[in-house]
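Remember, the working numbering sits 39 above the position in the sequence shown when you count from 1. Don't be surprised by glycine CBs; every beta carbon is placed ideally from N, CA and C.
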Amino acid sequence: METAISRKPRVLIVGAGGFAGSWLVEEALARGFEVWAGIRQSTSRKWLSQPEINFLFLDFENPRGLADTLSTALPPGESWDYIVYNLGATKCLRFADFSRINYEYLRDFTTAVKAAGMIPRKMLYMSSLSVMGPGDEKGYRPFDEKAIPIPNTRYGASKLKAEMWLATCGIPTVIFRPTGLYGPRDHDYFLMIESIDKGFDFSVGFRRQMLTFLYAGDLARAVFDALDKAPAGETYCLAENRAYSQKEFRRITARLLGKRFVMPVRMPLWAVKAVCFLAEKWGVARLKPSTLNRDKYRIMKQRNWNVDISKAARDFGFSPSVSLEEGLRRSIDWYRGQEWL
40 METAISRKPR VLIVGAGGFA GSWLVEEALA RGFEVWAGIR QSTSRKWLSQ PEINFLFLDF
100 ENPRGLADTL STALPPGESW DYIVYNLGAT KCLRFADFSR INYEYLRDFT TAVKAAGMIP
160 RKMLYMSSLS VMGPGDEKGY RPFDEKAIPI PNTRYGASKL KAEMWLATCG IPTVIFRPTG
220 LYGPRDHDYF LMIESIDKGF DFSVGFRRQM LTFLYAGDLA RAVFDALDKA PAGETYCLAE
280 NRAYSQKEFR RITARLLGKR FVMPVRMPLW AVKAVCFLAE KWGVARLKPS TLNRDKYRIM
340 KQRNWNVDIS KAARDFGFSP SVSLEEGLRR SIDWYRGQEW L
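Put into structure tokens, the structure is as follows:
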């Protein structure tokens with residue numbers, strides 16, 4: 040039997056099938072990890088085609104069976120050195136679904152890890168900057184880890200609830216609160232890029248809004264740097280180390296797309312609120328969560344997304360290497376290669 044000394048370090052990435060998860064898998068493989076992708080049977084494996092990946096199918100609707108699934112995945116007495124918990128839902132039909140997926144699934148998973156006797160050296164939980172709430176909407180003071188979270192969305196509240204569980208569950212954990220994530224394979228920011236490619240840039244409200252972004256590759260690198268260096272029990276806010284106005288985002292994107300003219304379209308908050316409310320109700324009627332909803336309205340309404348990353352820089356050397364312009368260039372090239380644009 041291989042010993043823990045002779046084998047590769049082993050990581051389980053829960054929620055590996057999505058946009059961010061696929062980047063985490065790629066980074067882990069590049070660093071020489073033995074990679075396990077924890078996904079549901081129904082999860083697409085479109086971005087998980089590497090032959091080195093080991094798959095672990097997790098049934099979160101059967102919490103009693105999770106411990107058995109974990110304990111039988113590896114030889115007796117062995118465990119994962121690290122766990123990255125990236126599973127979560129950003130839009131749901133009902134408030135209860137946010138709590139069920141973002142909190143209860145995590146609670147049941149960590150309980151199963153302990154029951155199976157497979158506590159890792161360290162776990163990293165992917166939370167969100169949305170747990171912080173609106174922040175300083177007048178002076179635009181950056182978010183940092185010292186501020187008290189006051190989430191104003193159902194999504195943010197469920198993520199904060201999960202963070203609070205981790206503080207007492209007995210597993211050594213680092214928490215990340217990243218800002219808006221983008222890059223090749225992302226669909227959310229693609230919609231903004233596609234709109235600009237068609238000649239229109241839609242924005243919300245008339246007061247200055249400062250936006251922050253984080254390239255998926257920079258997040259993936261940060262995850263494994265933090266697993267290696269960051270102290271357990273710490274929380275980190277993450278973003279590129281500067282903010283952008285909507286006008287700057289539009290200009291950069293238009294230039295990369297080769298668009299000479301893009302019409303800015305500013306929508307008043309009351310109109311956006313009405314559209315989001317109706318879209319949410321329509322989604323409920325179709326039994327399909329809508330991208331536009333009351334949570335999304337509160338996020339779009341928020342004026343300040345500035346982030347202070349000094350703590351992450353100090354503790355594990357976090358320094359995003361991909362600027363928004365370079366990240367958008369890579370994304371647009373990928374979208375064109377996939378014929379999305």
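Assuming residue i contacts residue j under a Cβ cut-off of 8 Å, what Cβ separation, rounded to an integer in Å, is found between them?
i      : j      : result
TRP119 : MET249 : Incorrect: roughly 39 Å between the Cβ atoms, too far for contact.
ASN141 : LYS198 : 6 Å
ARG195 : VAL170 : Here residue 195 turns out to be Gly, not Arg, going by the sequence shown. Contact flag correct, Cβ pair sits at about 5 Å.
SER166 : ILE214 : 5 Å
LYS340 : GLY244 : 6 Å
ALA151 : ALA106 : 4 Å
Within the continuous alpha helix (DSSP H) that includes residue i, where are the two ends?
i      : result
PRO102 : 102-110
ILE232 : 227-236
ILE158 : ILE158 -> no alpha helix (DSSP H), and no H or E assigned at all.
ARG337 : 333-340
Ignore the nearest five residues each way along the sequence and tell me which others in residue i's own chain have a CB closer than 8 Å to its CB.
i      : result
GLY33  : Given that the chain is displayed from residue 40 to residue 380, the structure contains no residue 33 and the question cannot be resolved.
LYS268 : ASP354, PHE355, GLY356
ARG368 : LEU295
GLY104 : ASP98
HIS226 : PHE58
LEU68  : VAL74, GLN89, GLU91, ILE92
Can you give me the Cβ contacts of residue i inside the same chain, cut-off strictly under 7 Å, excluding the 5 residues immediately before and after it?
i      : result
LYS47  : GLY71, PHE72, GLU73
GLU176 : ARG342, ASN343
PRO181 : ASN345, VAL346, ASP347
ARG333 : CYS315, PHE316, GLU319
ALA379 : Just to set this straight, residue 379 is Trp in the shown sequence, not Ala. Counting only Cβ-Cβ distances below 7 Å, and skipping sequence neighbours, we find PHE229.
THR82  : GLY56
List the endpoints of the continuous beta strand (DSSP E) containing residue i.
i      : result
GLY219 : 219-221
MET165 : 161-165
VAL152 : No beta strand (DSSP E) holds VAL152; the alpha helix (DSSP H) holding it covers 144-154.
ARG49  : 49-53
Does the beta-carbon of residue i have 16 or more other beta-carbons within 10 angstroms, so that it is buried, or is it exposed?
i      : result
THR42  : In this prediction, THR42 scores a pLDDT of 47, lower than 50, which makes its location untrustworthy; no coordinate-derived value is stated.
ILE338 : buried
TRP75  : buried
GLY222 : buried
PRO359 : buried
ILE232 : buried
Please return the same chain residues whose Cβ sits closer than 6 Å to the Cβ of residue i, not counting the five positions on each side in sequence.
i      : result
LEU168 : ARG216, THR218
MET40  : At MET40 the pLDDT is 43, less than 50, meaning the model places this residue with poor confidence; the figure from the coordinates comes in the next sentence. Around MET40: no qualifying Cβ.
ILE371 : LEU295
TYR228 : TYR221
CYS131 : PHE137, PRO328
ILE189 : GLY172
Can you give, in chain order, each stretch of the beta strand (DSSP E) that sits fully within the region 69-138 and has at least 3 residues? 73-78, 93-96, 121-124
Could you give the uninterrupted runs of the beta strand (DSSP E) lying entirely in the region 243-318, keeping only those of 3 residues or more? 252-254, 274-277, 302-306
Restricting to runs no shorter than 4 residues, where is the alpha helix (DSSP H) found entirely within the region 346-370? 349-355
Going along the chain, which unbroken runs of the beta strand (DSSP E) with 3 or more residues stay wholly within the region 187-214? none
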